[in-house]
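**Q**
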Amino acid sequence: MYTEFFHLKEIPFSIAPDPRFFFMSDRHKEALTHLTYGLQGAGGFVMLTGEVGTGKTTVSRALAEGLTDDTILGYIHNPAISELELLATLCDQFKLDYDNNGLSLKVLFDLLHNYLLSNCQQKKSCVVMIDEAQLLSTKALEQLRLLTNLDMDHKKLLHIVLIGQPELQQKLKQPELRQLAQRITARYHLLPLTESELTSYVAYRLSIASGNPGLFNTKVLKRIYQHTSGIPRLVNLVCDKALYYAFKANANRITPQHVQDAVNAVVVTGTGQSKASNTGLFAGALATVLIGFGLAGFQLGLFDRLIDKASTAQVAVVSDTPDKSEINKLVIDEVPPVINEVMSDKALLANIKSARQSSAATQFLYKEWGYDITLNDATCRNAQYAKLRCLQRQGNYAQLVQYNLPAVVRLLDNLGEDYYATLLSITPLGVELQLNNSHLLVSQAWFEKYWSGDFTLFWTAPSRFKNSLKQNDKGTLIRWLDRNVSTALGESALSGTRFDTTLMQKVIRFQQQAGLTADGIVGPQTMMTVVHYADSTVPKLNVATHITEKK
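For the sequence shown, the working numbering assigns the number 2 to the initial residue and increments by one for each residue that follows.
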């Protein structure tokens, strides 16, 4: 084996979790810090998510090792069980005896309640870690929420750490899980290593195995990063195989060819996707930190999906009082009937001056999709890491209405200078904009007068969708398309995974109904419209969610 050849005391790149090889990248440190902080809070849940292979298990083990001696820890490895089995598993973890005859949710719940109360009276705390938490059923999650309702002297009797893949975030968006989502006091989305972190990671693991860090030079490490996108599990697989191929070639250094051979062996693509490990596409995604729902100081330039949006905001309407200031031409043509707050010309001018760059408007666009990010991260390019797609176009008002999605719009002031706002809704009340820190409600005429025609919007589609779907295409995505188009039309779905003539005619009817070009081809515009029907969580322009009328 190559260990002796390279004078290693053990294999440095095993994919088996080992605390000795735990490399504390900045993201891992942040994860530990924020999850530890969350366990000290008053909420019942903390959550750690990340794609396959990013180190969730390693972080959770480090978190467990950092718990105090008066903490009793339970661990659930396979949560794909019923709510009754879940409570029984918790009892097993805490070594509580129960009679299998006549077992019920109430019996187990009461048993756990009494146990947790007793521990609290003894100044002990209980923590349960649940791995692969995306497999929890809605009913099981609700049982966990009920358990975290239990407290004594304003102290939670049980803290739960949910560890799962990104699907867990999507699951918690369900309306029936809204209360649970609000209980999550710390959440962190663990992302791949940066290129510089990967270099340190490889050197660290080699040093633990008493190896020479010079085995992998800068050029080789760069090649490894290109193929693995910094995903630790893939890095381990590629490095391990590269060492093997170097050993076979009797080479004392790893070369780019050894890396390529290793990549071919583990079937890793250039996007960081491994067919063998089923990691999915998550190259270079942004790390996520969000403590609670309002602690901006803990965001640290990273973002995560917010389960519940902020409460309805007040709408500021520009004053229509004549003024000789340079802002005069920016006054709304007519004042709509929903005036909650009047913004002075001076305040409006200040907001415009602060909106010369698009980042603040893009930041708010992310927020419309449920992501809280910093200005530096608020770019079109980063949308892919939130599993969104970014579209930048120039068009007209009718096209915005047809897209029916919030957008960043480039406006022009009376001097012809650019400023940016977020288009939130288009309703009979007017056009709602977010300008810097204020909401504005303007008329359609005003908007069309000062809008340059440039806009940027986010949209979403199934990951397998590329540019279009058309007749004779095949695959499971065709079944998804047929099911959702049929639902929108009120027709029965077909059976099969081929885009045949019948489905094409169905798509044409759908396009006609939606006012789209009826060509039977599912391009981005048609796909956006299908997703509108398929996913009620997608933000839409025709729903004025922010506007509150005066009573």
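From the three backbone atoms N, C-alpha and C, an ideal C-beta is built for every residue, glycine too.
(1) Suppose only complete runs of 3+ residues qualify. What are the beta strand (DSSP E) ranges in the stretch 125-160, listed by chain order?
(2) Cα separation between LEU158 and ASP152?
(3) Roughly how many whole angstroms lie between the Cα atoms of SER452 and SER426?
(4) Who are the near neighbours of PHE248 in its chain, counting only those whose CB is closer than 6 Å to its CB and skipping five residues on each side?
(5) Got a sec? Which residues, its chain only, sit under 7 Å from PHE14 by beta carbon, not counting five neighbours each side?
(6) May I have a chain-ordered list of the alpha helix (DSSP H) segments no shorter than 4 residues that lie completely inside the stretch 11-78?
(7) Taking a contact to mean a Cβ-Cβ separation below 9 Å, would you say SER518 touches GLN506 in this structure?
(8) Starting from ASP111 and walking both ways along the alpha helix (DSSP H), at which residues does that stretch end?
(9) Go through its chain and collect everything with a Cβ distance to SER312's Cβ below 7 Å, but skip five positions before and after it.
(10) By Cβ distance, which residues of its chain are closer than 7 Å to ILE185, with the 5 residues on each side in sequence left out?
(11) What is the C-beta distance between THR498 and ILE479, in whole angstroms, given that I count them as a contact (C-beta under 8 Å)?
(12) May I have a chain-ordered list of the alpha helix (DSSP H) segments no shorter than 4 residues that lie completely inside the stretch 385-437?
(13) Tell me where the alpha helix (DSSP H) around VAL267 begins and ends.
(14) According to DSSP, is SER360 helix, strand or coil?
(15) Considering only the alpha carbon of each residue, which of MET528, ASP98, SER138 lies closest to ARG390?
(16) Could you check how far apart the C-beta atoms of THR139 and GLU198 are, in whole angstroms? I think they sit under 8 Å.
(17) So, is SER211 buried or exposed, given that buried needs 16 or more other C-beta atoms within 10 angstroms?
(18) Output needed for TYR534: all residues of its chain with C-beta closer than 7 Å, excluding positions within five of it in sequence on either side, in chain order.
(19) With DSSP collapsed to three states, give me the class of PRO89.
(20) Taking buried to mean at least 16 other C-beta atoms within 10 Å of its own C-beta, is HIS8 buried or exposed?
(21) Quick check: what's the CA-CA separation for PHE456 versus ALA408?
(22) Measuring alpha carbon to alpha carbon, tell me which residue in LEU97, LEU74, TYR99, ASP111 is nearest VAL129.
(23) To the nearest angstrom, how far is it from the Cα of ALA422 to the Cα of LEU412?
(24) Mind checking TYR367: buried by the 16 CB within 10 Å criterion, or exposed?
(25) Please give me, in chain order, every unbroken run of the alpha helix (DSSP H) with length at least 4 that falls completely inside the stretch 455-483.
(26) DSSP three-state label for TYR99, please.
(27) Pick from VAL539, VAL53, HIS78: whose alpha carbon is nearest that of GLU369?
(28) Determine the DSSP secondary structure at VAL508, reduced to helix, strand or coil.
(29) From the DSSP secondary-structure annotation, give me the bridge partner or partners of ILE164.
(30) Skipping 5 residues on each side, what residues in its chain have a beta carbon closer than 7 Å to that of LEU91?
(31) Rounding to the nearest angstrom, what Cα-Cα distance links LEU542 and ALA361 in this structure?
(32) Grouping DSSP H, G and I as helix and E and B as strand, with all else coil, what is TRP370?
**A** In short, the structure shows the following:
(1) 126-131
(2) 5 Å
(3) Reading off the sequence, residue 452 comes out as Trp, not Ser. About 15 Å.
(4) Hits under 6 Å: TYR3, PHE6.
(5) Same-chain partners within the cutoff: ARG206, ASN237, CYS240, ASP241.
(6) For the stretch 11-78, whole alpha helix (DSSP H) runs of length 4 or above, ordered along the chain, are 27-40, 57-66.
(7) The displayed chain sequence assigns Thr, not Ser, to residue 518. Between THR518 and GLN506, the CB-CB gap reaches or exceeds 9 Å.
(8) 106-122
(9) With a pLDDT of only 30 at SER312, under 50, the local geometry of the prediction cannot be trusted, and no value is derived from it.
(10) GLY44, PHE46, VAL47, MET48
(11) 5 Å
(12) 398-404
(13) Counting along the chain, the alpha helix (DSSP H) containing VAL267 begins and ends at 257-267.
(14) helix
(15) MET528
(16) The Cβ separation is near 37 Å, so there is no contact.
(17) Result: exposed.
(18) ASN485, THR488, ALA489
(19) Sequence check: residue 89 is Ala here, not Pro. Helix, per DSSP.
(20) exposed
(21) 6 Å
(22) LEU74
(23) 7 Å
(24) buried
(25) none
(26) coil
(27) Closest by alpha carbon: VAL539.
(28) Helix at VAL508.
(29) LEU49, per the DSSP bridge assignment.
(30) GLY75, LEU113, VAL129
(31) Their Cα atoms are separated by approximately 19 Å.
(32) The DSSP-derived three-state label of TRP370 is coil.
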